[in-house]
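First comes the structure, then the notes that go with it.
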Amino acid sequence: MKEEIVTIEKVLYGGDGLARLSSGKVVFVPYTLPQERVKIAVMEEYRDYAVGHPLEIIEPSPERIPPPCRYYGVCGGCQFQHMPYERELEIKEAILKELFQRQGFKGELPLKGVIPSPKLYHYRNRLRLHVENHILKMGFVKRGTHEVLKIEKCLLGDELLNEVLKALYENPSWINIAFYAKRLRLELSPLDKKVCIVFWTTLPPDKRDIKELLKIPSVKSIFYFTRGARPKGPYPEDAPYSGRKLFHAILGLIYYLQPGIFNQTNWEINLEIMKKVLELAYGAERVLDLHSGMGNFLFPLVKELSEAKEFLGVDTDLRAIEDGIFTAEKNNLNGRLELRKMSALEALYEAFQEGKTYDLVLLDPPRGGCKELMRLLPEVASHKIIYISCDPPTLIRDILLLEKGGFELKDLYLFDMFPRTYHFEVLSLLQRRG
Ligand SMILES: C[S@@+](CC[C@H](N)C(=O)[O-])C[C@H]1O[C@@H](n2cnc3c(N)ncnc32)[C@H](O)[C@@H]1O
78 MKEEIVTIEK VLYGGDGLAR LSSGKVVFVP YTLPQERVKI AVMEEYRDYA
128 VGHPLEIIEP SPERIPPPCR YYGVCGGCQF QHMPYERELE IKEAILKELF
178 QRQGFKGELP LKGVIPSPKL YHYRNRLRLH VENHILKMGF VKRGTHEVLK
228 IEKCLLGDEL LNEVLKALYE NPSWINIAFY AKRLRLELSP LDKKVCIVFW
278 TTLPPDKRDI KELLKIPSVK SIFYFTRGAR PKGPYPEDAP YSGRKLFHAI
328 LGLIYYLQPG IFNQTNWEIN LEIMKKVLEL AYGAERVLDL HSGMGNFLFP
378 LVKELSEAKE FLGVDTDLRA IEDGIFTAEK NNLNGRLELR KMSALEALYE
428 AFQEGKTYDL VLLDPPRGGC KELMRLLPEV ASHKIIYISC DPPTLIRDIL
478 LLEKGGFELK DLYLFDMFPR TYHFEVLSLL QRRG
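For our numbering, add 77 to where a residue sits in the sequence shown, where the first one is 1.
If you want it as structure tokens, here you go:
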């Protein structure tokens, strides 16, 4: 295998350092910092670029620090544990600016803030692990492979999730169940400091094993999927709030969430995003949330914007809508908002056909963005759009389309939802021109 010594120029989206081989070809080298001299093995070489593996950091950056996690470098989860947090934030900001520039954004970028995560480690309120049953391995995929890396403790996960993970490795009933299990999610219920277990299995478990698992002190409820979109559970059958997780939101709101569906991973940062959405939403009278989930960003607006006339949230996940309706009842807000199971495109089309407009539209799509909405959206969004995204490249693509549709990017915020990884969340405010 070819070896070379290269100098890292910068860190890219994805977390790799960029350098050049002696031939001038670009090479991507993970776990490096700008200006470092690194001896690499050239693992793969293509026409336009190569992939390098760092063999030795010959001239380390003065900023380099030892990564605290024993799996770092093998696990595919983290990319930035070898640098101080301030550096990680600077790198993320530079990456965001460069992505905008490379994708063709013209003019001054209205980046108004970079909001750090209050917690650097143990911020994740859920862990999703693959299960390999013959030798009971639970873990994440190894970097650059499809192989599962056995994980006994994840430093990004809340301490309580790690306690339950440890208990599962030692629990004979879980060893029985895990023989048929494929995936496992450990999800924190922060308000009562408990953990919910959700697993995917090919064969239903023996109920005696489930009973035994419920004896693990911090376990609150158990659900399992065999097939279909709805799991069996909760266990115990009389679990409070049907086994839902409980979260404090802003303005005294309490959220009730079924395990196994989407919720924001880093709750402290989620609260910061909620506050920003509320600040930017003041004055709105008719609000449409096109990827509402259970209403995470909608509820504070419903509670605070007492003059507003209409709140509609839509999502394709029926269980998220159920949680929203349940949460509205518990917080005495039913009647103030409408939550419907439908796709964002259907909701836009319906509004368009009825000639309805909304002065604030919220978007928070999955990673792929929402290009399919960009033609109808300018017909329905009369004033402001708040677009939240965990995938900057698709966000920027969609912002450029909205600019063509008559909107202007006014504010941009980087919220560091995922410290120690290359991922981050971006909130953008767009306003109709003129
Ligand atoms: C990133 S999550 C955000 C959810 C919510 N805003 C929150 O903060 O919890 C994206 C949401 O989009 C929903 N979704 C995916 N495709 C959709 C579509 N075509 N139309 C509407 N919602 C969709 C998912 O079910 C998921 O709840």
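Glycine residues also receive a C-beta, built at the ideal position from the N, C-alpha and C atoms.
All values derive from a computational prediction rather than experimental measurement.
Since residue i and residue j should fall inside the 8 Å C-beta cutoff, what is the C-beta to C-beta distance between them, to a whole number of angstroms?
i, j, result
"residue 492", "residue 338", "Not really, about 21 Å apart at Cβ, beyond 8 Å."
"residue 325", "residue 238", "At roughly 18 Å, the Cβ-Cβ gap does not stay under 8 Å, so residue 325 and residue 238 are not in contact."
"residue 470", "residue 95", "Not quite, the Cβ-Cβ distance comes to about 16 Å (not below 8 Å), so this is no contact."
"residue 506", "residue 357", "5 Å"
"residue 376", "residue 323", "The pair is not a contact, with the Cβ atoms about 14 Å apart (cut-off 8 Å)."
"residue 336", "residue 262", "7 Å"
"residue 214", "residue 230", "That belief does not hold up - the Cβ atoms of residue 214 and residue 230 are roughly 14 Å apart, past 8 Å."
"residue 342", "residue 201", "5 Å"
"residue 381", "residue 365", "The Cβ separation is near 17 Å, so there is no contact."
"residue 352", "residue 327", "6 Å"
"residue 220", "residue 153", "4 Å"
"residue 508", "residue 487", "5 Å"
"residue 316", "residue 288", "That belief does not hold up - the Cβ atoms of residue 316 and residue 288 are roughly 13 Å apart, past 8 Å."
"residue 519", "residue 105", "Nothing can be reported for residue 519, as the shown portion of the chain is limited to 78 through 511."
"residue 332", "residue 404", "5 Å"
"residue 293", "residue 248", "7 Å"
Considering just the uninterrupted stretch of the beta strand (DSSP E) at residue i, what are its terminal residues?
i, result
"residue 185", "Residue 185 -> no beta strand (DSSP E), and no H or E assigned at all."
"residue 120", "114 to 122"
"residue 363", "363 to 366"
"residue 208", "203 to 209"
"residue 271", "271 to 278"
"residue 379", "Careful: residue 379 lies outside any beta strand (DSSP E), inside the alpha helix (DSSP H) at 375 to 381."
"residue 441", "That residue, residue 441, is in no beta strand (DSSP E); it is neither H nor E in DSSP."
"residue 127", "126 to 136"
Among the options, which residue has its Cα nearest to the Cα of residue i?
i, options, result
"residue 282", "432, 467, 148 and 300", "300"
"residue 463", "244, 489 and 136", "489"
"residue 437", "445, 431 and 456", "456"
"residue 186", "192, 210 and 174", "174"
"residue 360", "346, 379 and 139", "379"
"residue 165", "102, 499 and 450", "499"
"residue 142", "160, 383 and 135", "160"
"residue 169", "101, 91 and 135", "91"
"residue 386", "408, 285 and 412", "412"
"residue 371", "118, 362 and 406", "406"
"residue 184", "485, 206, 252 and 508", "485"
"residue 197", "510, 508 and 494", "494"
"residue 121", "146, 147, 80 and 89", "80"
"residue 131", "138, 124, 140 and 118", "118"
"residue 309", "193, 279 and 139", "279"
"residue 151", "97, 223, 189 and 180", "223"
"residue 468", "182, 390, 388 and 443", "443"
"residue 193", "403, 369, 389 and 346", "346"
"residue 236", "248, 167 and 270", "270"
"residue 388", "401, 181, 147 and 395", "401"
So, are the CB atoms of residue i and residue j less than 8 Å apart?
i, j, result
"residue 31", "residue 275", "In this structure the chain extends from 78 to 511, so residue 31 is not present and cannot be described."
"residue 208", "residue 258", "yes"
"residue 330", "residue 321", "no"
"residue 313", "residue 348", "no"
"residue 472", "residue 448", "no"
"residue 144", "residue 158", "yes"
"residue 496", "residue 162", "yes"
"residue 199", "residue 245", "no"
"residue 277", "residue 256", "no"
"residue 111", "residue 87", "yes"
"residue 527", "residue 367", "Nothing in the structure corresponds to residue 527, since the chain is present only between 78 and 511."
"residue 418", "residue 441", "no"
"residue 225", "residue 295", "no"
"residue 502", "residue 476", "no"
"residue 103", "residue 109", "no"
"residue 425", "residue 454", "yes"
"residue 474", "residue 432", "no"
"residue 286", "residue 250", "yes"
"residue 134", "residue 113", "yes"
"residue 510", "residue 483", "yes"
"residue 172", "residue 89", "yes"
"residue 362", "residue 384", "yes"
"residue 374", "residue 439", "yes"
Which stretch, first to last residue, makes up the alpha helix (DSSP H) that contains residue i?
i, result
"residue 401", "395 to 407"
"residue 249", "249 to 255"
"residue 449", "Per DSSP, residue 449 belongs to no alpha helix (DSSP H) and is neither H nor E."
"residue 163", "162 to 179"
"residue 429", "421 to 431"
"residue 346", "344 to 358"
"residue 311", "From DSSP, residue 311 is part of no alpha helix (DSSP H) but of the beta strand (DSSP E) over 309 to 312."
"residue 458", "That residue, residue 458, is in no alpha helix (DSSP H); its beta strand (DSSP E) goes 458 to 466."
"residue 289", "284 to 290"
"residue 469", "469 to 481"
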